[in-house]
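Right, one structure below, let's go through it.
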Amino acid sequence: MTELPLSGVRVCDLTWVIAGPTATRILADFGAEVIRVEHGQAADPIRFGRPIAGERPTLNNSGFFNYFNRNKKSVLLNVRHPLGMEVLHRLIAVSDVVIENFSSGVLESWGLDYEAMRAINPRVISCSISGFGHTGRDRRFTTWGPTAQALSGLTLMSGLPGKPPAGWGYSYLDHTAGYYAAIAVMMALHHRNRTGEGQAIDIAQVETGMVLTGPAVLDFTVNGRSWLREGMPPGNRAWEPRIAPHNTYPCAGEDRWVAIAVRNDTEWEAMRRAMGEAGWAADARFAANAGRLAHEDELDARIAEWTRERDAYAVMQALQAAGVPAGVCQTAGDRVERDPQLQARGWWTSMPHPELGESGFDGVAPRLSRTPGTNRTASPLMGEHTFEVMTGTLGMSADEYAEREAMGVFM
Amino acid sequence: MSGPLAGLRVLELCGPMGQYAGKLLGDMGADVVKVEPPDGGEARRVGPFADDVPGPDRSLSFWYWNTNKRSTVLDFDREEDRETWRRLVSAADIVIEDRRPGELDAAGMGYAAAAPGNPGLIWCAITPFGQDGPWAQFSATDMVSLALGGAMMMNGYDPEDAPGAPPMRGHGDQGYATGCHYAVQGILAALLWRGRTGEGQFIDCSVHEAVSSTTEVALPYWFTQQVNVIRQTGRHAAASRTERWLQRAADGRWTLIFGVGRDNASWKRIKEWFQSKGFGRQFDAPRFDDPAARQPGRGSPEAAEIFAELQKFIAAHPAEEVYRGGQERRQAWGVVRSPEENLADPHWEDRGFWVEVEGEGREGQPVRMPGAPYRFSATPWALRRPAPKLGEHTAEVLREWLGFET
């Protein structure tokens, strides 16, 4: 197998749902051996998550699970059985990283806080993702992605003025908490490679959203301004820097939109020419940014008149050719089937899966010239690698395995 | 204790798109030098500004995204300064830049020129669309990247809330942040490779690809069923319409509620809470005892009744009380806060989340802003210095990195 940046790094992956598996997907893409520890009596709910192939969930036919769990192994382990817990200890002993995203307190209840893990494996890097972290008065509170988005301020920062928050139509902070966990683990590996020292990492999902609101917080602590004021959030108009036009505009077809951002007067001139030098656009009120901002309603309405009859990709192409930032609001189908950039860069691929067939995947971002991350296998079936890991990685004899299996350890 | 990246030299040539990558490395101990044009460039022109007075050292956006960096001014119109850039590159472990593809190479200032003399160099180029392909030279802003990457088509409104509303962009430069999250993942992977082999490499980070890999269920739905999800107000885009999550509380604020009493233990806690406030008296009827009947989306009369009673309950209580009451009964409920409202939540104080900085206009009057996204037990995140003033460290950096006498 090609050597990758994380080749030789073993991850004991106790994660489930999305945030944790996002982190281990990244580590796996870059070559880590990620071993998902799964439980028959408490399966990862995403194994039942739609979309699925066929009529009903089978644990192994979720396209949702498949997407977040490529390149990983899966073992079944009954941690409620004393011998199952013993196996988990053995796995921790031979792992570089242990990562989990249970609610704060769960792993402690298993007797596996960081100190206990360190007693098993003094060099271990332990990474935990929870809603509110492992310290603080509300550490027992729990989150889903949308909870964390709401609390952090990110939900409020998306929407039209005078309307309910639009928020995020997906768990942005499940991705993002996973990104921070992958970053943290790799930083800790770098430190350990230099010093031999492992450590514990505590990630609170709400904080991973709060760190993405820095300028808004400073606008309050310095200037006393809140996003709760009248006129906020400003829809797709610009907050800072205040520029116009900056919005989404309707295009020909059903629910087709193009985003256009004019950053300065030069780009406005370019856009004016790209629109065929319509008479209205020559109005002196629109010549400078301050004027365009002052007459933003009229400006947006005029631009929408121009875009409405046109194909969204044609508008984007015409404006980009003139040097104006513009982009189609693309669906997933657009990205996979139509986006010429992603296609030219070979972004899409597929890997065989027993129940999903040739299942689609995206590539690995970013692209490393010498050791790019790779797509090697689709997601593992539930417990697919139990025997391999027990007899190979942990060195159990076939008899030992069979004995434990009969005792219900691997379920 | 110092950060895990202590001792690494990072050279950053970034505006608003790429600058968070440098902060993420600097906050964990790397020595990050931000090279800036004499006027400071775009990053210092993004508001809001301290007291609304523009100025290169007054951008609050700059204060936030540029902590733990030093500023060195170079004028690339002068050959002397272009040469200084090349020498700084040769002294760096990592370069992060967000110029157009090919721009630095054309001036002999890019990776192609630097790599032969610095084989361990890790060079990360953050661009809107990547180094090649038909859109490589196209321009983007944060919104344009969120549009093309698919994020916006998942965010928006139910038709009854805002008929004909466009897809929505979440604010705060989240597309840029996502690009930087991926850039740093790549840099660290490359760093681990270098630790084993001594070999550096070039990293091509496309914000478009980063955002496109950050859209959760959208791609799985397309790959599995060739279905595009639809936008809904304040909740997940889905293949078909689902139950609402946002409910307005007595104080006019929004709560985020999903799933009530999935298991019998939590249902009992919620029921007792409601009944103690005079709501949900009918919940004692045995037909509410079945967890399946209580779940939204099943279309059962019990689920509909619970939902209606929940709305009445929330409408009669302040949002924060609903949030805390739900959480205390182990429901992952939330309240829609404005970012600064977390300043008043003592939990973050307990965790020491906030950090304080001073800047032009607030000298001697530290102000709070967000701190660490992660807690490391051995090598913690630390605010060692606030964002630099323009050119504050030019002489110091040239002396330390290049041995220039001044």
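These protein sequences, in sequence, are chains A and V.
Reminder that position 34 of the first sequence reads as 34 in the numbering used here, one-by-one numbering, no gaps.
Reminder that position 128 of the second sequence reads as 128 in the numbering used here, one-by-one numbering, no gaps.
Beta carbons are placed, not taken as given, at the ideal position from N, Cα and C, and that holds for glycine.
Q: Check the Cβ-Cβ distances between A:E451 and every residue of chain V, and say whether any is below 7 Å.
A: The shown model of chain A, from 1 to 411, leaves out residue 451 of chain A, and the question about it has no answer.
**Q.** Neighbour-count burial assignment, V:P291, 16 or more Cβ in a 10 Å radius
**A.** exposed
(Q) Which residues of the region 139–160 of chain A have a Cβ closer than 9 Å to any Cβ of chain B? Give them in chain order. (A) The chain inventory of the structure shown lacks chain B, comprising the protein chains A and V.
Q. So is A:F48 in contact with chain V if we call contact Cβ pairs under 7 Å?
A. no
Q. Any Cβ of chain A within less than 7 Å of the Cβ of V:T141?
A. yes
Q: Determine the closest residue to V:P116 out of V:F202, V:D51 and V:R99, with distance taken between C-alpha atoms.
A: V:F202
**Q.** Nonlocal neighbours in the same chain, by C-beta distance under 7 Å from A:G323, ignoring five residues either side
**A.** E267 and A270
Q) A:I203 lies in the beta strand (DSSP E); which residues open and close that run? A) Q199 to A204
Q) Which residues of chain A have a Cβ atom closer than 9 Å to the Cβ of V:I203, listed in chain order? A) P366, R367, L368 and S369
Q.
Against chain V, with Cβ distances strictly below 7 Å, would A:S171 count as a contact?
A. yes
Q: Establish whether the CB of V:V322 and some CB of chain A are separated by less than 7 Å.
A: no
**Q.** Sub-7 Å separation of V:N66 and V:A387 beta-carbons
**A.** yes
**Q.** Closer than 7 Å at the beta carbon, the chain A residues around V:F138
**A.** Q320
Q. Between which two residues does the alpha helix (DSSP H) carrying A:N66 extend?
A. G63 to F68
Q: Answer with buried or exposed for V:S276, where buried requires no fewer than 16 other C-beta atoms within 10 angstroms of its C-beta.
A: exposed
Q. Closest Cβ-Cβ distance between A:M186 and chain V: below 7 Å?
A. yes
Q: Determine, using beta carbons only, whether V:M17 comes closer than 7 Å to chain A.
A: no
Q. Between which two residues does the alpha helix (DSSP H) containing A:F220 stretch?
A. G214 to N223
Q.
Just verifying my parser: in three-state terms, what is the DSSP assignment at V:F138?
A. coil
Q. I think V:D93 touches A:R367, with their Cβ atoms under 8 Å apart; what is that distance to the nearest whole Å?
A. About 20 Å; that fails the 8 Å criterion.
Q.
The beta strand (DSSP E) that contains V:V217, what's its start and end?
A. It is not in any beta strand (DSSP E) - V:V217 carries neither H nor E in the DSSP assignment.
Q) Which class does A:E100 belong to by DSSP, given the choice of helix, strand or coil? A) strand
Q. Using a C-beta to C-beta distance shorter than 7 Å, which residues of chain V count as neighbours of A:D362?
A. S212, S213 and L219
Q.
Under DSSP, the beta strand (DSSP E) around A:G253 begins and ends at which residues?
A. A:G253 -> no beta strand (DSSP E), and no H or E assigned at all.
Q.
Any beta carbon of chain A sitting closer than 7 Å to that of V:V144?
A. yes
Q) Anyone know if the C-beta pair for A:W227 and V:S338 falls short of 7 Å? A) yes
Q.
Please classify V:L402 as buried or exposed, where buried requires at least 16 neighbouring CB atoms within 10 angstroms.
A. exposed
Q. Roughly how many whole angstroms lie between the Cα atoms of A:T213 and A:D219?
A. 10 Å
Q | C-alpha distance - V:W267 paired with V:R294, whole-angstrom precision | A | 9 Å
Q) Quick one: what does DSSP say A:A431 is sitting in, helix, strand or coil? A) The shown model of chain A, from 1 to 411, leaves out residue 431 of chain A, and the question about it has no answer.
Q. Under the rule that 16 or more other beta-carbon atoms within 10 Å means buried, what is V:E79, buried or exposed?
A. exposed
Q: Name the residue from A:P161, A:I46, A:H191 and A:V222 whose alpha carbon lies nearest to the alpha carbon of V:Q365.
A: A:V222
Q: Kindly indicate if chain A contains any beta-carbon less than 7 Å away from that of V:W193.
A: yes
Q: Please go through the region 98–174 of chain A and give each complete beta strand (DSSP E) segment of 3 or more residues, from N-terminal end onward.
A: 125–130
Q: Using the DSSP secondary-structure output, state which residues sit across from V:T72 in a beta bridge.
A: V:V35
(Q) Measuring straight from C-alpha to C-alpha, what distance separates A:P233 and A:L6? (A) 42 Å
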